[in-house]
Structures are given as C-alpha cells and as structure tokens.
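Asker: After the structure tokens below, expect a handful of questions from me.
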Amino acid sequence: MDELYRENILEHYKRPRNFGRPDEFDLEYEDVNPFCGDEQHVFIRLDEEGRVAQVSFEGKGCAISTAATSMLTEELEGKSREELLRLPKEFVLDLLGIDISATRTKCALLGLKVVKSAALGDAADWETEGLPGDPAEAERI
Amino acid sequence: MEPAATQSAAPSSAAYPIDKVRASFPALERQVNGNPLAYLDSGASSQRVLASIQAVDRYERRHHSNVHRGAHTMSAEATAAYEGARATVADHIGASDRRELIFVRNATEAINLVARSWGAANIGAGDRIVLTEMEHHSNIVPWQLLAEAVGAEIDWAPITDEGLLDTDGLARLLERGPKLVCVAHVSNVLGTLNPLSEISGMAHQAGALVLADGAQAAPKLPVDVGELGVDFYALTGHKAYGPTGIGALWARLDLLREMPPFLGGGSMIRRVSRDGTTFADAPARFEAGTPAIAQAIGLAAAFRWLDGLGMEAALAHEREIADYALERVGEVPGLRVFGPPGGPERTGPVSFELEGVHAHDVAEILDRHGVAVRAGHHCAQPLMDRLGVAATTRASFGVYTTREEIDRLVDGLLDVRRVFGL
C-alpha cells in the first residue's frame, strides 16, 4: 500500500501540476471513468507548428488518476497531435512507476484517454488493459 | 493505530445469535491481505449463506432437468423445486398469490420488465413519471428509455438536505397527474427507509401506480407488499444472501393479467402458429426461455434461512449496527456522513466522504486492512449531483456484521488519514 501511495504520487495528488482551466487553449476534451465517475477536463495549447505548448487539466479524481494526469501534463510539450495519439499506456504507467492492479489501471489511464480524445477531437478508446474481473487477476488471489 | 476495544465492549442485543449467524457464512472465515475479512459491502452483494449454497448443490447434483417440460421424474422434481421456490419468495414478501411472483435475473430486469410491458402499454406522449432524487440507476434508466421512446416526461421528487424524501415536494408533483411513482424502499446510498404506505396512499389518491425498488430492503426488513400498498415490487437474490442471476418482480395479479409479454420465446406461450401466438397467463407469460432454476432454488433457500432468523431480528440487528457505525465514523476527523441520523427513518448503509481523500483511495487502504467497502457513485449519479460529490465511500451491513468490524473500519479510516498525512 505504501508503494501505491508513495510520496511523489501523494505530492502530485495534493498539488497537481498544470491544474485549472487556462484562458486560452486550442484543444479540449472532458470525459469520465464510467466505473467510478471520476471526471477530467484537459486543455491543450498548441504552438505555431501545431505542437503541444501547454497541457492543463481540471476535474475530480482519486490519487492515482489525479497524479497520473498531473505527471502526464509535464511530459507532453513539443509532441504533435499524432504523437499524442500514439502514446502507449506504458508511458503513463512508467511515469507512475508502481505496480497497479487491473481495476486501478483505468484510474491511471483516464488522463491519457482524455489527452488523446482532445488530440482526436472525439472520444478515444481506452488503452487495452485488463478489465476489472479479469480471470488473470482472480488467479492472483 | 489504537484499536478501540473499549468501544466494542457493549454486548450486541442479547437475543441475537451473532455467532450462529456468522457460522452460516463460509466466506466470513477467510483472510484478506493478512487480516480477517470485515465484509462491509453487503449492499453491493451479500455473502452467500451455506443453506443456499447447499440447496443449489443438491439440486445440481441430483435433480437438475428442465422445468414445465417432460413427464419424467427429474423434470417433475425440478418443476416442483422451482415452483416451490416461487411460493417461498412470494410468502417472504407477503404476496397473497404465488402467480404474482415472476422470476427475473435481478431487480434491474424486474424494473425493465415493468417499463417495457406495463409502461409501453400505459404511458404515452405527455404522460408523467415521478422518480426520486435518491434512486439507483436501475430505477432511472429504464424510465428514461421509456420516456424517450414514447415522449413521456420525468419529474424528480426532491429529498431534504438530511436525505429524507420531501413528501410535500412529492405531493406537488402528484398534482400534475403522473401515471407512476418509482421509489426505492431503502436508499442504497443514504440508508433512508422511505414511507412506502404513505407514498402509495398519496400516489393512488392522485391516480398513479407505485413501483418500489426493494433491492436493498428485501434482505433487511419484513416486507409485506399488501401492507405497503405498492403495485410493483422488485428485488434481487444476490443482496439477500442468495445467488447472482436471480431476482423477482411482484405485481398485482389484475395488472399482470392486462400486461403484454416482455420477452418472447419458449414457456411464455399458449399456442404458436404460423399466423401468430397466444400467450400463457402470468407468471409464465413473463418468463420466456428456460429460467435460472438452480438460482431460484438458491434464493428461496436464502429466504427460508432469513425467515428462520426472523426479519424483525434482522432489522433490529441492522439498525443497531447502522446506529453504532454512524456514531463511530462520526468520530473520525474530517469525515462527513450522508443520509439521515440514526433512528427509525434509516437503516444502513453508511456513506461518507473523508476530506482530502478520494473514496477510491479510502477503499483501497481499507482493503489492506481486510475491510471491504464500496467506493464510487453507487449507481446513483443524480443523487451524487444532489449531494455535490463525485463519489462516496459506503459501508453496508448484513445479518453477520459485528461492532468489532465497525471498530476496524474506524481504525482503518484513521490509517487512511495517516497515509495521506492528514
């Protein structure tokens, strides 16, 4: 447990980076995790070349989803929209740097989904991940 | 972390056989994350009572066959067991006639059955349906689908800030002449026990029928559909110590006689020809296809076991635990409880918010202590909106819940505060 709630995650949860709605942005998307109701709204400002200049977000979420998105916003500068859409789930999971259960993976990936949706201008798919109740998960018990 | 042992010293109600009850639930013996399980999530799904597990096992091993089919012995045994289960469930909720009891998959399917059958035949463009702000999605979405399909309107009966149904607000909505009032018997978030007989009286006087969602209530209250005065009552097995995949709809026989079929197929017909089909009478008309036979038998066994314990005793225990939990969690700094204070207007569950910590994180840390609670919107997002929260943590109780488990919940909550540096 202390691994999951280690200091840098709690730090990002309590003081999320790039949090709040900016005055100017070029792309935005809002979505929810349908399993728990967590909401995130992502805003992206692009530079003249159409690359990410600034990502910010707001919303209500747990420590994992908030920290994951907070960390993600710090890593996207300079990426094109296509590069955003190609980000794998590992990009976020590596930022978190912790083992995470299948049920909490959805929390961790909410921000990535919303970032991709903003880049796409439409609802992006969840990254493929173990679904809650995955038999592989059950076998660990 | 200091266990609050002194707080638990007060004995449970002397007559309540808590040790015997707990011995009837095999899952309670297990350990979770190195701690004895404290299962405080019975409102989502209760643990399975041994009598029900054994009834399903006996049926599966020796008596399984299709029902209402063959002339052979095993089919006759299966049919007798299935119809016997119908009678048991009907008796448990005070139905005067077992034909009023329809087996379905769960409370959700029961409500969808009413919406698709009675609703489609009786609710049209411009008609109104009243829901309350504390409904579960199962008693919201089927009505939204119907309203959209036929052009009907939905009105939301308000709740007070305390979490009780605002009956004056309901009365004002009844003046608009709705066709139906849909209300939870017990709220799955607030624990509010709604005054169904009063609501039924008001609704009937205004010419509306009443559908009660008994998913939470059926396992913890004595239910008598006649006394409650409702027209439809939905319940589910897996919150009543029975299996998943089985629930029941009770409806007044005169309504069922007029209601068109829900699903079409085998078992629900009288005669099928190339030109058309005539339908069986209730309950068969609403039970198309081979039903969940073993699960119906398992549900009946669970209700028989509950009846042996006594629903008055179950309710008294539920209230004692809910009142104790309200008192104890109230001691945790930064914790806000939703729903009415302890007393006759509520049972469990106890839902709360811990300032500075999301409900998911609360539940995750409690799980490490072996304490199972639910975190999230509890399939009641309009209620979450009304309360101004995205999610809550919910501790819900069963006949097997002890004060010691509530103490462990509180100790776990203090640890959540420690982990989050609060």
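Going down the list, the protein sequences come from chains A and B.
Position one of the first sequence corresponds to residue 1 (my numbering), numbered consecutively onward.
Position one of the second sequence corresponds to residue 1001 (my numbering), numbered consecutively onward.
Glycine included, each C-beta is placed from N, C-alpha and C at the ideal position.
These figures come from a predicted structure and were not determined experimentally.
State the DSSP-derived secondary structure class of residue 11 (chain A), mapped to helix, strand or coil.
Answerer: Note: residue 11 (chain A) maps to helix in three-state DSSP.
Asker: Answer yes or no: does any C-beta atom of chain D fall closer than 9 Å to that of residue 1364 (chain B)?
Answerer: Going by chain labels, chain D is absent from the structure shown, which instead holds the protein chains A and B.
Asker: Could you pull out every residue in the same chain whose Cβ sits closer than 8 Å to the Cβ of residue 1224 (chain B), ignoring the five residues on either side in sequence?
Answerer: If we look at residue 1224 (chain B) and ignore the five residues flanking it on each side, its Cβ neighbours are 1093 and 1094.
Asker: Would residue 5 (chain A) pass as an interface residue toward chain B - the criterion being a Cβ-Cβ separation below 9 Å?
Answerer: It does: the Cβ of residue 5 (chain A) has a partner Cβ on chain B nearer than 9 Å.
Asker: What are the residues in the segment 1348-1363 of chain B lying within 7 Å of chain A by C-beta distance?
Answerer: Those residues of the segment 1348-1363 of chain B that come within reach of chain A (Cβ to Cβ, closer than 7 Å) are 1358, 1360 and 1361.
Asker: Hey, how far is the Cα of residue 1274 (chain B) from the Cα of residue 1122 (chain B)?
Answerer: Looking at the two C-alpha atoms, the distance is approximately 29 Å.
Asker: Helix, strand or coil for residue 1326 (chain B) per DSSP?
Answerer: Residue state, collapsed to three classes: helix.
Asker: When burial is assigned at 16 or more other CB atoms within 10 Å of the CB, is residue 1384 (chain B) buried or exposed?
Answerer: Result: buried.
Asker: Cβ closer than 8 Å: which chain A residues qualify as neighbours of residue 1377 (chain B)?
Answerer: Chain A residues near residue 1377 (chain B): 36 and 37.
Asker: At 4 residues or longer, what runs of the alpha helix (DSSP H) sit wholly inside the segment 1107-1135 of chain B?
Answerer: 1107-1114, all fully within the segment 1107-1135 of chain B.
Asker: Name, please, each residue of chain B whose Cβ falls closer than 9 Å to the Cβ of residue 60 (chain A).
Answerer: In chain order: 1358, 1389, 1390 and 1391.
Asker: When the Cα of residue 1414 (chain B) is compared with those of B:1133, B:1389 and B:1330, which residue comes out closest?
Answerer: Ranking B:1133, B:1389 and B:1330 by Cα distance to residue 1414 (chain B) puts B:1330 first.
Asker: Runs of 4 residues minimum, wholly inside the segment 1036-1106 of chain B: which ones carry the alpha helix (DSSP H) assignment?
Answerer: With a minimum length of 4 residues, the continuous alpha helix (DSSP H) runs that stay inside the segment 1036-1106 of chain B are 1050-1058 and 1073-1092.
Asker: Just to confirm before moving on: does the CB-CB distance between residue 1218 (chain B) and residue 1209 (chain B) stay below 9 Å?
Answerer: The answer is no: Cβ separation not under 9 Å.
Asker: So, helix, strand or coil for residue 41 (chain A), using DSSP?
Answerer: Note: residue 41 (chain A) maps to strand in three-state DSSP.
Asker: Is residue 98 (chain A) close to chain B, meaning its C-beta is less than 9 Å from at least one C-beta of that chain?
Answerer: Cβ-Cβ to chain B under 9 Å: no for residue 98 (chain A).
Asker: Curious, which full-length alpha helix (DSSP H) runs of at least 4 residues does the segment 1165-1224 of chain B contain?
Answerer: As far as the segment 1165-1224 of chain B is concerned, its whole alpha helix (DSSP H) runs of at least 4 residues are 1167-1174 and 1196-1205.
Asker: Listed from N- to C-terminal order along the chain, which residues in the segment 56-81 of chain A have their beta-carbon within a distance smaller than 7 Å of any beta-carbon of chain B?
Answerer: Answer set for the segment 56-81 of chain A: 60, 61, 62 and 63.
Asker: With DSSP as the reference, label residue 50 (chain A) as helix, strand or coil.
Answerer: In this structure, residue 50 (chain A) counts as coil in the three-state DSSP scheme.
Asker: If the cut-off is 8 Å on Cβ atoms, which residues from the segment 1127-1145 of chain B count as contacting chain A, listed in chain order?
Answerer: Listed by position, the residues of the segment 1127-1145 of chain B near chain A (Cβ gap below 8 Å) amount to none.
Asker: Considering only the beta carbon of each residue, do residue 1292 (chain B) and residue 1240 (chain B) sit closer than 9 Å?
Answerer: Against a cut-off of 9 Å, the Cβ pair of residue 1240 (chain B) and residue 1292 (chain B) comes out as no contact.
Asker: In chain order, what residues of the same chain have a beta carbon less than 7 Å from the beta carbon of residue 1174 (chain B), not counting five sequence neighbours either side?
Answerer: Cβ within range, chain order: 1202, 1203, 1206 and 1208.
Asker: Can you find the residues in the same chain that come closer than 6 Å, C-beta to C-beta, to residue 1369 (chain B), ignoring five residues on each side of it along the sequence?
Answerer: Excluding positions up to five away in sequence, the list reads 1035 and 1412.
Asker: What residues in its chain sit with their C-beta under 8 Å from that of residue 1284 (chain B), if we drop five residues either side in the sequence?
Answerer: So the list reads 1068, 1267 and 1268, once near-sequence residues are dropped.
Asker: Below 7 Å on C-beta distance, what does residue 1410 (chain B) contact in chain A?
Answerer: Residues of chain A passing the Cβ test: none, with the nearest at roughly 18 Å.
Asker: Hey, how far is the Cα of residue 1054 (chain B) from the Cα of residue 1282 (chain B)?
Answerer: If I take the Cα positions, the gap works out to 30 Å.
Asker: So, are the CB atoms of residue 1215 (chain B) and residue 1232 (chain B) less than 9 Å apart?
Answerer: Not a contact, by the Cβ cut-off of 9 Å.
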